[in-house]
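**Student:** First residue of the sequence shown: 1360, per my numbering; consecutive thereafter. Positions of the beta carbon are idealized from the N, C-alpha and C atoms, including for glycine. None of the values given here were measured: they were computed from a predicted structure. This is the structure I have questions about; it appears just below.
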Amino acid sequence: MKKNSSMRIKVIAVVGPTASGKSAYGVELAKEINGEIISADSRIVYKGFDIGAAKPTKDEMQGIPHYMIDIVEPTFDYSAGLFKKQAADIIKDISSRGKVPIILGGTGLYIDILLKGFDLPDMNPDKELRINLEKRSTEELYAKLKEIDLKGAESIDSHDKKKIIRALEIIYLTGKNLELTRGKSQSEYEVQWIGKNFEREVLYQRINNRVDKMLEMGLINETKCLLNKYGRAYNIINTIGYKEITAYLDGTLTLDESIELLKKNTRNYAKRQLTWFRKNPEIKWDVYPEKLKK
C-alpha cells in the first residue's frame, strides 16, 4: 500500500558539489525554518577527518544541531546501508519534536538510498572474494563492473575501489545487477530538493581557494596525525585530501605536485557529484530560505 503524502515525514534535502556553500546555506535555512541538520557525507562520519574533509566547526554550526558527524573511527568500514538505518532514526526523532529534518551533503548514493526508498541487499561480506578483487587495480575492477553492469557502474565513483569491490561482490553473489539487488519501495519521506552550485569557473576557484586554506589550517599535520594513530588505513589513504598529502609524505610527490593533484582531484570529484545530482529532476537549484517559509 502506498503511503499518503500526509503520512510521510517532510524533509528538505540540500545537495550539491563540494565547495558550493551547502554547509553555510543549511545553517541559514535551519535557522529560518526551525530545522536540524543530518550530514550526508561519507567522509565526515570519521573522527579526525576535520580539515581534509572540510568538516564544519562548532562556530560554523552556529548552534544548529548537526548529526552523523564524528561517529566512527577511520578504520571502520562504514556503508550506505548503515547510514540509511541511523539517519532514518534521527529523522524520526527530529520530526517528532516538531522540527524540520534537513539532509545536507554531497554523497549522492547515501542521499538517494535514504530518501528514495531503495532497499539494500542484506548480505555478509565474502572475505575471500574481496581479497582476490583487492589484488586487481581500480581501473581493472571498474572496467569489469562496466562490462557486467554499465548502469550500476555509472552510479559509482570510478576511483572508489572499496565501493567498486562491494558492487562486484553483490553482483557475483546474487547473480543480479545492482538495480535489481537494491530494490525500490515507497519512500517514507516527502522531500523538497534544493541544489547549491556556482558557475564552473567560480566553483573551481572556490575549490582551489579551499585547498589553499586547508594547507594553511594544517592539513599536512592532520594527515601525519591520522597516519600515526591509525596507520595506512584504507579510508585515510583513499580519501581526497589525505591521499595526496600521503604521497607527499612518502616522497613520491613534491608538495607543489601534491597540492595541484589535490585541487585537480577535488574538481573532478565535484564534476562527478554534479553528474549524479543532475539526474534528479526534482532538485530546484539555488532556492533561498526566505522562499521556503511561504
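Along the alpha helix (DSSP H) that carries V1646, what are the first and last residues, could you check?
**Tutor:** First-last for V1646: undefined, no H or E at that position.
**Student:** Considering only DSSP beta bridges, list what Y1548 is partnered with.
**Tutor:** DSSP output for Y1548 lists I1368 as bridge partner(s).
**Student:** In three-state terms, what does DSSP make of S1496?
**Tutor:** It is coil, neither helix nor strand.
**Student:** Which word fits L1383, buried or exposed, when buried means at least 16 other C-beta atoms lie within 10 angstroms of its C-beta?
**Tutor:** According to the sequence shown, residue 1383 is Ala rather than Leu. So A1383 counts as exposed.
**Student:** Please tell me whether M1427 and I1470 are closer than 8 Å, where the distance is taken between their beta carbons.
**Tutor:** Going by C-beta atoms, M1427 is not nearer than 8 Å to I1470.
**Student:** Between A1512 and L1504, which are expected to be in contact by the criterion C-beta below 8 Å, what is the C-beta distance as a whole number of angstroms?
**Tutor:** About 4 Å; that satisfies the 8 Å criterion.
**Student:** So for L1633, helix, strand or coil by DSSP?
**Tutor:** Helix.
**Student:** What residue from G1457, I1430, D1436 has the CA that sits closest to A1702's CA?
**Tutor:** The question about residue 1702 has no answer, for the chain in this structure spans 1360 to 1653.
**Student:** Is the separation between the beta-carbon of Y1589 and that of I1595 shorter than 8 Å?
**Tutor:** Taking 8 Å as the Cβ cut-off, Y1589 and I1595 qualify as a contacting pair.
**Student:** Could you pull out every residue in the same chain whose Cβ sits closer than 6 Å to the Cβ of Y1437, ignoring the five residues on either side in sequence?
**Tutor:** Cβ within range, chain order: V1404, V1431.
**Student:** Return the chain-ordered list of same chain residues with a C-beta closer than 8 Å to the C-beta of K1622, the five sequence neighbours on each side being excluded.
**Tutor:** I1566, N1567, V1570.
**Student:** Locate the alpha helix (DSSP H) running through I1397, then write down its first and last residues.
**Tutor:** No alpha helix (DSSP H) holds I1397; the beta strand (DSSP E) holding it covers 1394 to 1398.
**Student:** Run the CB neighbour count on N1556, radius 10 Å, all protein chains shown included, and call it buried at 16 or more, exposed below.
**Tutor:** Result: buried.
**Student:** I think E1538 touches K1510, with their Cβ atoms under 8 Å apart; what is that distance to the nearest whole Å?
**Tutor:** Rounded, the Cβ-Cβ distance is 6 Å, consistent with contact.
**Student:** Can the beta-carbon of M1573 be found closer than 8 Å to that of G1600?
**Tutor:** In contact: M1573 and G1600 (Cβ atoms closer than 8 Å).
**Student:** Where do the ends of the beta strand (DSSP E) carrying L1463 lie?
**Tutor:** Segment 1459 to 1464, the beta strand (DSSP E) holding L1463.
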